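**Q** I have a structure I would like to understand better, so I am pasting it below and will then ask my questions one at a time.
There are 2 protein chains.
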Amino acid sequence: MARASIHNRQDSLERALHLFWQKGFHATSLKDLEKALDMRPGSIYATFGSKDGLFQEALERYARLGLAELDRTFQAYESPLAGLAAYLRGLGGICDKELPSRACMLVKSLLELGEREQIARDKAEELLAGMEARFVDQFAEAKRVGELDSRLDPVRLGRRLQAEIMGLRAFAQRDVDSAAVHALAEDMAQSLEELRVDEIAEIV
Amino acid sequence: MARASIHNRQDSLERALHLFWQKGFHATSLKDLEKALDMRPGSIYATFGSKDGLFQEALERYARLGLAELDRTFQAYESPLAGLAAYLRGLGGICDKELPSRACMLVKSLLELGEREQIARDKAEELLAGMEARFVDQFAEAKRVGELDSRLDPVRLGRRLQAEIMGLRAFAQRDVDSAAVHALAEDMAQSLEELRVDEIAEIV
DNA sequence: TATAAAATTGAGTAATCATTCAAGTTGTCA
DNA sequence: TGACAACTTGAATGATTACTCAATTTTATA
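Here it is in structure tokens:
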């Protein structure tokens, strides 16, 4: 004995994510959300609690989808290093996609949010740490299977890769040619592949 | 026959820059600026025209100071490549400095601003392009003096370096150990130094 | 010292902000 | 069909937003 909701929660969250990713937290007003979700303020607050709460859920969804894509890429390649390089090359095509923003939403949030949005900021930090850990794991796996020089540190490599991806996507946010971003990603991917022990052995 | 201004324009701009760099455009209110500049709204508008105008001037000042530091570093080194590496290593200490933000203000603006702040956004893009051009010039100079393999493209290298710096500073915005950022900068600097032809010649 | 010009003030504007809640609507089950 | 419970509505809230302008203060010069 209850009225069924006319809104799909996940669908609403998806729309909110789109808006927050595109415009950022501060520039997204409740009016914007009302229009995008086709919901009145009362419904939004009943469903998500607050603008902050909705934003945090959007952040989590964004990271979950991002991690899923990461894993999908890694699983498509036998070689851990090849998986990492493929992920980088995939990001090279980011300008060709129709996305709310080419920059990472976690990075946008990290740079935008201050003390007044501490909880969401901490959430973004935590999710970025999770992504970094995934990169570190992949490098550790590469090391385990002998693709990586045993003297190299997966933690440093994972950190470096995350920084490079942050940079690649921030750069892609500029109004530059798609070709430039492709070339940038290709250069980064090649640097990564040069870590392969086989290649080092060839040169030395 | 006129009243002298009690505010130094440059000093006011410096304070505004500090605030905008720290909090971003949207999160910085005119109330915040009134307090930081110790000026009433009328004075601020008489001096800078609008919040947008003040922000744009702050952006320009930020970029001018950044470019000056870049040139100072480059001029301190005979070798162009060494200058670039030194600049990267200097950024490794960014966590130890007392700055409004560890992330680049141009990047923060690029990621935060939308169509409603198109002019400031374009300004940030233009200033970033100027920085990139400076990197390209330095790589071109390295090539001219024979530090760089003639097959390498200064444009791609400059682009790559800008992306790496964007990434380094976005990463540094996270709540991570200063040592991690130092290590990251060191890794980036070493990659850069490996471009030196001497090193390649040694290995091959 | 009187005058004019520039600088500063701060109350006030209209718009927008996130949020609340009483009232209305709708579907479900007894 | 009646009644309850969940969902939705949207006007109203008070706070905050960027910004304006008439009045005031200040100072250099005539």
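Residue numbers (numbering that gives the first Met the number 0), protein chains in the order written: chain A, 0 to 203; chain B, 0 to 203.
Note that the Cβ used here is the ideal one computed from N, Cα and C, for glycine as well.
No experiment lies behind these values; they were computed from the predicted model shown.
Tell me which same chain residues have a C-beta within less than 6 Å of the C-beta of residue 156(B), skipping the five on either side of it?
**A** These residues qualify, in order along the chain: 138.
**Q** Would you check if the distance between the CB atom of residue 80(A) and the CB atom of residue 109(A) is smaller than 8 Å?
**A** Not in contact: residue 80(A) and residue 109(A) (Cβ atoms no closer than 8 Å).
**Q** Count the other CB atoms, across all protein chains shown, that sit within 10 Å of the CB of residue 68(B); report buried if there are 16 or more and exposed otherwise.
**A** With fewer than 16 other Cβ atoms within 10 Å, it is exposed.
**Q** Please identify the residue among 149(A), 119(A) and 134(A) whose C-alpha is closest to the C-alpha of residue 87(A).
**A** With distances taken between Cα atoms, residue 87(A) lies closest to 134(A).
**Q** Within 10 Å of its beta-carbon, does residue 118(B) have 16 or more other beta-carbons around it, so buried, or fewer, so exposed?
**A** Residue 118(B) is exposed by the Cβ-count criterion.
**Q** State the beta-bridge partners of residue 143(A) as determined by DSSP.
**A** Beta-bridge pairing links residue 143(A) to no other residue.
**Q** Which bits of chain A does residue 179(B) rub up against, with CB to CB less than 7 Å?
**A** Here the neighbours are 158.
**Q** On the DSSP letters alone, give me the boundaries of the alpha helix (DSSP H) that residue 31(B) sits inside.
**A** Looking at the DSSP string, the run of the alpha helix (DSSP H) that includes residue 31(B) is 29-36.
**Q** Taking contact to mean 3 or more Cβ pairs, one atom from each stretch, closer than 8 Å, check whether the region 94-105 of chain B and the region 150-170 of chain B are in contact.
**A** Judged by Cβ distances under 8 Å, the region 94-105 of chain B makes contact with the region 150-170 of chain B, as three or more pairs qualify.
**Q** Taking residue 23(A) as the reference, which of 111(B), 125(B), 15(B) and 42(B) has the closest Cα?
**A** Out of 111(B), 125(B), 15(B) and 42(B), 111(B) has the C-alpha closest to the C-alpha of residue 23(A).
**Q** Can you round the beta-carbon distance between residue 98(A) and residue 60(A) to whole angstroms, since I take them to be within the 8 Å contact cut?
**A** Going by Cβ atoms, the distance from residue 98(A) to residue 60(A) rounds to 15 Å, so no, they are not a contact pair.
**Q** According to DSSP, is residue 199(B) helix, strand or coil?
**A** Since pLDDT at residue 199(B) reaches only 46, below the 50 mark, its modelled position is unreliable, and the value read off the structure follows with that caveat. Here residue 199(B) sits in helix by DSSP.
**Q** When you compare the region 180-197 of chain B with the region 88-97 of chain B, are there three or more beta-carbon pairs, one atom per stretch, that lie closer than 8 Å?
**A** Counting Cβ pairs under 8 Å, three or more are found: they touch.
**Q** Quick one: which residues of the region 92-116 of chain A get their C-beta closer than 7 Å to a C-beta of chain B? List them in chain order.
**A** Within the region 92-116 of chain A, the residues whose Cβ lies closer than 7 Å to some Cβ of chain B are 102, 106, 107, 109, 110, 111 and 113, listed in chain order.
**Q** Is residue 22(B) helix, strand or coil when you go by DSSP?
**A** Reduced to three states, the DSSP call for residue 22(B) is helix.
**Q** Between 183(B), 154(B), 26(B) and 181(B), which has its C-alpha nearest residue 205(B)'s C-alpha?
**A** A question about residue 205(B) goes unanswered here, because the residues of chain B that appear run from 0 up to 203.
**Q** Evaluate residue 5(B) with the Cβ neighbour count: other Cβ atoms within 10 Å of its Cβ, from every protein chain shown; 16 or more gives buried, anything less gives exposed.
**A** It counts as exposed.
**Q** By the three-class DSSP mapping on this structure, what secondary structure does residue 5(A) have?
**A** The answer is coil: DSSP assigns residue 5(A) none of H, G, I, E or B.
**Q** Quick check on the DSSP output: the alpha helix (DSSP H) that includes residue 173(B) runs from which residue to which?
**A** Residue 173(B) -> no alpha helix (DSSP H), and no H or E assigned at all.
**Q** Could you tell me if residue 149(B) is buried or exposed, where buried requires 16 or more neighbouring beta carbons within 10 angstroms of its beta carbon?
**A** Residue 149(B) comes out exposed.
**Q** Output the distance between the C-alpha atoms of residue 65(A) and residue 58(A), rounded to the nearest integer angstrom.
**A** Straight-line Cα distance between these residues: approximately 10 Å.
**Q** Secondary structure at residue 186(A), three-state DSSP: helix, strand or coil?
**A** The answer is helix: DSSP assigns residue 186(A) an H, G or I state.
**Q** Can you tell me which of the three DSSP states residue 99(B) falls into?
**A** In this structure, residue 99(B) counts as coil in the three-state DSSP scheme.
**Q** Would you tell me roughly how many angstroms separate the C-alpha atoms of residue 35(B) and residue 96(B), rounded to the nearest one?
**A** Straight-line Cα distance between these residues: approximately 21 Å.
**Q** What is the residue span of the alpha helix (DSSP H) that residue 45(B) lies within?
**A** Taken as a continuous stretch (DSSP letters only), the alpha helix (DSSP H) holding residue 45(B) covers 40-47.
**Q** Of all the options 113(B), 174(B) and 71(B), which has the alpha carbon lying nearest to the alpha carbon of residue 174(A)?
**A** Closest option to residue 174(A), Cα to Cα, is 113(B).
**Q** Quick one: using the 10 Å Cβ neighbour count with 16 as the cut-off for buried, is residue 49(B) buried or exposed?
**A** Residue 49(B) is exposed by the Cβ-count criterion.
**Q** Tell me the rounded alpha-carbon separation between residue 121(A) and residue 100(A).
**A** Going from the Cα of residue 121(A) to the Cα of residue 100(A) covers about 21 Å.
**Q** Going by beta-carbon coordinates alone, are residue 29(A) and residue 18(A) separated by less than 8 Å?
**A** No, Cβ-Cβ distance for residue 29(A) and residue 18(A) is not below 8 Å.
**Q** Take residue 46(A) as the anchor and find which of 62(A), 12(A), 73(A) and 72(A) has the nearest alpha-carbon.
**A** For the residues 62(A), 12(A), 73(A) and 72(A), the minimum Cα distance to residue 46(A) belongs to 12(A).
**Q** Give the residues of chain A in contact with residue 124(B), contact being defined as C-beta atoms less than 7 Å apart.
**A** In chain order: 173 and 174.
**Q** How about residue 186(A): is its C-beta nearer than 8 Å to some C-beta of chain B?
**A** Yes, residue 186(A) lies at the interface with chain B (some Cβ there is under 8 Å from its Cβ).
**Q** If distances are taken between C-alpha atoms only, which option among 176(A), 179(A), 159(A) and 115(A) comes closest to residue 21(B)?
**A** The candidate whose alpha carbon is nearest that of residue 21(B) is 115(A).
**Q** So, helix, strand or coil for residue 63(B), using DSSP?
**A** Helix at residue 63(B).
**Q** I want to see whether chain B comes within less than 8 Å of residue 89(A), judged by CB atoms only; does it?
**A** No, because no Cβ of chain B sits closer than 8 Å to the Cβ of residue 89(A).
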